[in-house]
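S.K.:
In UniProt numbering, the protein residues as written are 1 to 256.
(1) Just tell me which of 158, 167, 166 and 169 has its CA closest to the CA of residue 178.
(2) What does DSSP give as the partner residues of residue 186 in its beta bridges?
(3) Beta strand (DSSP E) containing residue 206: first to last residue?
(4) Report the three-state DSSP secondary structure of residue 84 (helix, strand or coil).
(5) Considering only the beta carbon of each residue, do residue 189 and residue 199 sit closer than 8 Å?
(6) Residue 62 bridges to which residues according to DSSP?
(7) What number of angstroms, rounded off, separates the C-alpha of residue 31 from the C-alpha of residue 233?
(8) So, under 8 Å CB-CB, residue 149 and residue 86 are touching, yes? Tell me the CB distance rounded to an integer number of Å.
(9) Measure from the C-beta of residue 233 to each C-beta in chain C and report whether the shortest distance is under 8 Å.
(10) Do residue 46 and residue 105 have their beta-carbon atoms positioned less than 8 Å apart in this structure?
(11) Using CA atoms only, rank isn't needed, just tell me which of 206, 40 and 211 is closest to residue 218.
(12) Can you tell which of 241, 202 and 59 has its C-alpha closest to the C-alpha of residue 226?
(13) Would you kindly check if the distance between the Cβ of residue 98 and the Cβ of residue 43 is under 8 Å?
(14) Between which two residues does the beta strand (DSSP E) containing residue 106 stretch?
(15) By the three-class DSSP mapping on this structure, what secondary structure does residue 47 have?
(16) Taking only three categories from DSSP, how would you classify residue 236?
(17) Measuring only the C-alpha atoms, how far is residue 191 from residue 180?
(18) Are the CB atoms of residue 88 and residue 78 nearer to each other than 8 Å?
(19) Can you say whether residue 52 is buried or exposed, counting buried as having 16 or more other CB atoms within 10 angstroms of its CB?
(20) For residue 164, which of helix, strand or coil comes out of DSSP?
(21) Taking Cβ to Cβ, would you say residue 156 is nearer than 8 Å to residue 193?
(22) Could you pull the DSSP bridge partners for residue 259 from this structure?
What follows is the structure, encoded as structure tokens:
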């Protein structure tokens with residue numbers, strides 16, 4: 001009887017522990033936006049075939065992932081944007097191989113950029129120095145374009161944001177910039193630096209905006225202005241080509 005009682009008691013205690021473990025796993029996972037992240041693998045975007053190499057610095061969306069097979073390993077999932085077409089790419093940590101795996105949006109590339117560069121150099125010191133200089137310049141350009149793309153995304157967000165306590169730290173700054181542009185008496189013609197910055201961002205957005213209904217201020221007007229300027233440039237270029245053709249035909253004519 002004593003053994004039966006002890007077995008029943010131990011089985012009940014084990015049954016009571018399982019719901020505690022399941023409730024622990026149901027806790028909300030940590031999520032971080034605009035997380036600075038250095039890409040640990042080489043990938044190629046499936047949308048535009050752009051290569052994004054290992055070591056590229058990005059701002060990504062990061063969330064923790066519970067892995068039942070590896071409960072002691074910190075697993076996480078990363079969402080990043082292609083540096084060329086801004087397509088979403090999902091990458092997940094691979095605790096089994098101590099590596100990263102692509103979930104969707106891209107293909108993992110095995111050959112590293114460093115090995116490819118070393119193969120091209122072939123022990124040539126001037127070539128190595130040139131590639132190092134070009135690499136640092138490319139990284140600076142990538143960081144600059146990444147910051148600019150982040151600023152344009154923030155511009156679209158701010159144009160629709162109505163929250164007084166927005167989660168984006170720079171949302172209030174862009175709102176103040178919009179407000180300054182509305183009430184500024186100097187404007188760009190008078191040399192106002194803030195107005196020039198605002199119009200520069202608005203024009204950059206309008207050049208790449210494909211939305212038929214956009215909430216960014218003056219986007220429709222700027223699109224129309226850019227379209228008219230392009231039309232005028234095309235017409236002038238066409239007239240120049242027509243004038244060159246007439247000149248050539250006149251030179252070939254013996255009666256002239």
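For glycine and all other residues, C-beta sits at the position ideal for the given N, C-alpha and C.
M.R.: By the coordinates alone:
(1) The residue you call residue 178 lines up with position 178 of the chain shown. Across the set 158, 167, 166 and 169, the C-alpha of 158 shows the shortest separation from the C-alpha of residue 178.
(2) Locating residue 186 in the chain shown gives position 186, where the first residue counts as 1. Paired residue(s): none; residue 186 is not in a bridge.
(3) The residue you call residue 206 lines up with position 206 of the chain shown. Counting along the chain, no beta strand (DSSP E) covers residue 206; the unbroken alpha helix (DSSP H) around it starts and ends at 193 to 208.
(4) Position 84 of the chain shown, counted from the start, is the residue given in the question as residue 84. Residue 84: coil per DSSP, three-state reduction.
(5) Here residue 189 refers to the residue found at position 189 when the chain shown is read from its first residue. Here residue 199 refers to the residue found at position 199 when the chain shown is read from its first residue. Taking the C-beta atoms as reference points, residue 199 is found no nearer than 8 Å to residue 189.
(6) Stepping through the chain shown from its first residue, residue 62 is reached at position 62. As DSSP reads the structure, residue 62 sits in a beta bridge with 32 and 78.
(7) Here residue 31 refers to the residue found at position 31 when the chain shown is read from its first residue. Here residue 233 refers to the residue found at position 233 when the chain shown is read from its first residue. In this structure, the straight-line span from the alpha carbon of residue 31 to that of residue 233 is close to 48 Å.
(8) Numbered from 1 along the chain shown, position 149 holds the residue referred to as residue 149. Numbered from 1 along the chain shown, position 86 holds the residue referred to as residue 86. Indeed, because the Cβ distance is near 7 Å, the residues count as touching under 8 Å.
(9) Looking for chain C here will not work: only one protein chain is present.
(10) One-based indexing of the chain shown puts residue 105 at position 105. One-based indexing of the chain shown puts residue 46 at position 46. In this structure, residue 46 lies closer than 8 Å to residue 105 by Cβ.
(11) The count along the chain shown starts at 1 and reaches residue 218 at position 218. Answer by Cα proximity: 206.
(12) Indexing the chain shown from 1 puts residue 226 at position 226. It is 202 whose Cα lies nearest to the Cα of residue 226.
(13) In the chain shown, the residue the question calls residue 43 occupies position 43. In the chain shown, the residue the question calls residue 98 occupies position 98. No, they are not a contact pair.
(14) The count along the chain shown starts at 1 and reaches residue 106 at position 106. For residue 106, the enclosing beta strand (DSSP E) begins and ends at 106 to 109.
(15) As a working note, residue 47 is residue 47 in the chain shown. Coil, per DSSP.
(16) For the purposes of this step, residue 236 is taken as the residue at position 236 of the chain shown. Collapsing the DSSP output to three states places residue 236 in a helix.
(17) As a working mapping, residue 191 is identified with position 191 in the chain shown. As a working mapping, residue 180 is identified with position 180 in the chain shown. Approximately 14 Å between the Cα atoms of the pair.
(18) Taking the chain shown and counting its residues from 1, one reaches residue 88 at position 88. Taking the chain shown and counting its residues from 1, one reaches residue 78 at position 78. Not closer than 8 Å, so no.
(19) Within the chain shown, the letter at position 52 stands for residue 52. Residue 52 is buried by the Cβ-count criterion.
(20) For this step, residue 164 is matched to residue 164 along the chain shown. Residue state, collapsed to three classes: coil.
(21) Start at 1 with the first residue of the chain shown, and residue 156 comes out as number 156. Start at 1 with the first residue of the chain shown, and residue 193 comes out as number 193. Cβ atoms of residue 156 and residue 193: not closer than 8 Å.
(22) Limits of the chain in this structure are 1 at one end and 256 at the other, which puts residue 259 out of reach.
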